[in-house]
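Residues in the sequence shown are numbered from 896 upward in steps of one, following the working numbering.
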Amino acid sequence: MIVNMAISLVENENTSLRKAEIDTVIIAGWTGRNQEALEKHIKELEELGVKRPSSTPIFYRASSARLTMASSIQALGMASSGEAEVVLLKLDGRLWVGVGSDHTDRELEAVGVAISKQLCDKPVGATFWAYDEVADHWDSLILRSYITEAGEVSLYQEGPVASMLPPGELIRGYTGGDELPEGSVMFCGTLAAKGNIRPAEKFYFELDDPVLGRKIHHEYAIEYLPVVG
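See the structure below:
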């Protein structure tokens, strides 16, 4: 299935508007470079009943229809939450870098991670940087998220992308080669939450490039639908 998304491509401080045709969504899981931090995240999810992965990293698939740039999403029940992630996009034969949220149903995640990846929408920011412009200082990029609970905003995740495997290694792990297929989006893994993993009224996420002095960000509200039956 092909999904058309209106995006902004930023290169050499110039922005061009494009419609990107996306037909493949890959969600890379368990991508931590540091084994101690990776184990912390595995245990964090084990407390929610999520089984250990069969391999690390592991690559899940989700429907391209789940991608959204909307300012709000709907989720069934109160068990889902966002995860800030670097997003890679292959477009026009080139690699681009953005930011997204792998919003996931935690109850269903305990039943099957692959199933849970399909259940929730995957919000992404509309802006993508040329990978060539950040490749030489990749480990300096900062991933960050905030949540709103009872009207109060608090920091939820923060850390360098250096804590996760670099793009080239993830791409090779998924494809066996050096290139993502054209029209592919890959979510590259997340950071441990500050406090417990929990639902929120709003989720704000950003990718911060302190070297070039710029950020990509997006935010969305979550409407929790009642579970009946």
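Glycine included, each C-beta is placed from N, C-alpha and C at the ideal position.
Alpha helix (DSSP H) segment containing residue i, residue limits
{"i": "T1070", "result": "1062-1070"}
Assigned secondary structure, residue i (DSSP; H/G/I helix, E/B strand, else coil)
{"i": "E934", "result": "helix"}
{"i": "A985", "result": "Residue identity check: residue 985 is Lys in the sequence provided, not Ala. Looking at K985 - three-state DSSP - the assignment turns out to be strand."}
{"i": "K946", "result": "coil"}
{"i": "K1012", "result": "helix"}
{"i": "L1003", "result": "helix"}
{"i": "R961", "result": "helix"}
{"i": "E978", "result": "coil"}
{"i": "E1096", "result": "coil"}
{"i": "E941", "result": "helix"}
{"i": "E1053", "result": "strand"}
{"i": "E1044", "result": "strand"}
{"i": "E1074", "result": "coil"}
{"i": "D1103", "result": "strand"}
{"i": "W1033", "result": "helix"}
Where the beta strand (DSSP E) containing residue i begins and where it ends
{"i": "V1080", "result": "1079-1082"}
{"i": "A915", "result": "909-917"}
{"i": "L1120", "result": "1109-1120"}
{"i": "M900", "result": "898-906"}
{"i": "A970", "result": "967-971"}
{"i": "W1024", "result": "1022-1025"}
Whole-angstrom C-beta distance between residue j and residue i, which should lie under 8 Å
{"i": "T999", "j": "S959", "result": "That belief does not hold up - the Cβ atoms of T999 and S959 are roughly 17 Å apart, past 8 Å."}
{"i": "S1087", "j": "K935", "result": "Before going further, note that residue 1087 is Ala rather than Ser in the sequence given. Confirmed, about 6 Å."}
{"i": "M973", "j": "P1094", "result": "5 Å"}
{"i": "N929", "j": "S1058", "result": "6 Å"}
{"i": "F1100", "j": "H1112", "result": "7 Å"}
Pair within 8 Å by beta-carbon distance, residue i and residue j
{"i": "T1043", "j": "E1004", "result": "no"}
{"i": "F1082", "j": "V1008", "result": "no"}
{"i": "W925", "j": "I953", "result": "yes"}
{"i": "I922", "j": "K985", "result": "no"}
{"i": "L971", "j": "V898", "result": "no"}
{"i": "K1089", "j": "L1060", "result": "no"}
{"i": "P948", "j": "I1037", "result": "no"}
{"i": "M964", "j": "V1019", "result": "yes"}
{"i": "I968", "j": "D1016", "result": "yes"}
{"i": "W1033", "j": "V1056", "result": "yes"}
{"i": "I1126", "j": "V1080", "result": "A question about residue 1126 goes unanswered here, because the residues of the chain that appear run from 896 up to 1124."}
Cα-Cα separation, residue i to residue j
{"i": "R1001", "j": "I1092", "result": "9 Å"}
{"i": "L1075", "j": "S1040", "result": "26 Å"}
{"i": "A979", "j": "G1124", "result": "32 Å"}
{"i": "E1118", "j": "G977", "result": "13 Å"}
{"i": "Q1052", "j": "S911", "result": "30 Å"}
{"i": "T1022", "j": "K1110", "result": "9 Å"}
{"i": "R989", "j": "A932", "result": "31 Å"}
{"i": "V1029", "j": "G1063", "result": "13 Å"}
{"i": "D987", "j": "L1014", "result": "29 Å"}
{"i": "G927", "j": "T951", "result": "9 Å"}
{"i": "S966", "j": "G993", "result": "17 Å"}
{"i": "Y1069", "j": "I902", "result": "25 Å"}
{"i": "D1031", "j": "L1107", "result": "11 Å"}
Contact with chain B by residue i, beta-carbon distance below 8 Å
{"i": "Y1069", "result": "Checking the listed chains, one finds no chain B in this structure; it contains a single protein chain."}
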